[in-house]
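Residue numbers for the sequence shown follow numbering that gives the first Met the number 0, so the first one is 0 and each next one is one higher. Cβ coordinates follow ideal geometry from the N, Cα and C atoms, glycine included. On a predicted model such as this, the values are computed, not experimentally measured, just so you know.
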Amino acid sequence: MIFFVGPLPPPVGGFSVITEKMYHIITQKTDVRLFNRSRTIKSRNRFIYALISFINLLRALAEFFLGYFKTKPSALYLALSGGNGQLVDLCFIVLCKLFKIPVFIHHHSFAYLDKPSKLTNFLFYMANAEHIVLCEAMKDKMIAGYNIDSAKIHVISNAVFLDVPSPVSKRNNNKKKVTLGYISNITEDKGIFEYFAAVKAAQMAGFDCDGIIAGPLHPSIQSRFQTELAQAKDIHYVGSVYGIDKQAFYQKIDILLFPTKYVNEAEPVIIHEAMSEGVPTVSVVRGCIASIIMNNTGCVAQQIEDYSQTVIQYLGEHTENTIFKRAEVERACIQHFVRLHEQSTATLSHVIHEMLA
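Given below as structure tokens:
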């Protein structure tokens, strides 16, 4: 039995989706007791929200306490919060300390790594945990910021939660026009307006480009988004896409543009999704992104101000006789994804074995 603490959808977000996938993987290996940390309280009254949250926490801690005597879990899996939610996480850590339950902490944020905090430091001290991180850059920051023993840090990329691609390509590698895609929650922080600027800059530089945008549009930027879309040349918005429609989106595009400005960006799953479909990504140095995009799988801008020029440079380096070298890039992306997937799968199996030991 493993006790599992973390947020599951709803609401749907990168953190909750990956946590849910981890939950399902562990349940295939052993019995799991879930303590769902998802924020489902809808009250706008701060006092009522805080009161209900506190009551829910007390209930969860009581269930944890009583559950220990019924099942004696072999470990706690904790999907760690990025901010003040660590105060709640700490409550579960204290119970684990009391009952001598081994703790495995899965990290999904750079917030407390870019700016080490006393709360996080105390939590790590209390937990004496094994740590799961998303990339080598995250591991390095854990060691530098919190002096964690490298032997207790396990690198498992989010690529492990995706399917290995089919060896049969479904892409049209001979078309002349280059399609620049964007898929994300459409917000200013996720770089949608930098995307518009980059496509326009590439077109003005002489590249035969069009664009496809997918994802839910945040109401706060709806007016500006519609204006930019109307003024853009050959850019189409297809709304939210899931399942087969999302796969079709990746098969239509040649390059994924992801000019994110989100401060706490960690390891965007969309980059792995694109790579698994043979699509390179042009993004920005942030979180794990620079350690994902390598070996001819795209490129990164050092600063967001350099983004459009980086896109133009990448197009220039991978275009021959006005034709984008799709087949070459596709092979590199899929090979890199498969290698990353295999490495992370092996590490994940090892970590789950340790949880059950």
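Comparing alpha-carbon positions, which option in Ser37, Asp30, Lys28, Thr29 lies nearest Glu19?
Ser37
What is the DSSP secondary structure of Asn294, counted as helix, strand or coil?
coil
Along the chain, which unbroken stretches of the alpha helix (DSSP H) at least 4 residues long are found entirely within the region 197–252?
221–230, 243–251
For Ser282, write down the residues that DSSP places opposite it in a beta bridge.
Val299
Could you check if Glu368 is buried or exposed, using at least 16 other CB atoms within 10 Å of its CB as the buried criterion?
Nothing about residue 368 can be reported from this structure: the residues present for the chain run from 0 to 356 only.
I'd like to know whether the C-beta atoms of Asn173 and Pro215 end up nearer to each other than 8 Å.
no
Quick check: the Cα distance between Lys175 and Val310, rounded to an integer number of angstroms?
17 Å
Quick check on DSSP: helix, strand or coil for Thr178?
strand
Give me the residue from Ala231, Glu316, Thr29, Ile24 with the minimum Cα distance to Ala356.
Thr29
Residue from Cys95, Lys69, Arg58 whose Cα sits closest to the Cα of Tyr76
Cys95
Buried or exposed: where does Lys140 fall if 16 or more other Cβ atoms within 10 Å of its Cβ makes it buried?
buried
What's the C-alpha gap between Tyr111 and Cys134?
15 Å
What does DSSP give as the partner residues of Asn35 in its beta bridges?
Gly5
Identity of the residues DSSP links to Ala78 by a beta bridge
His105
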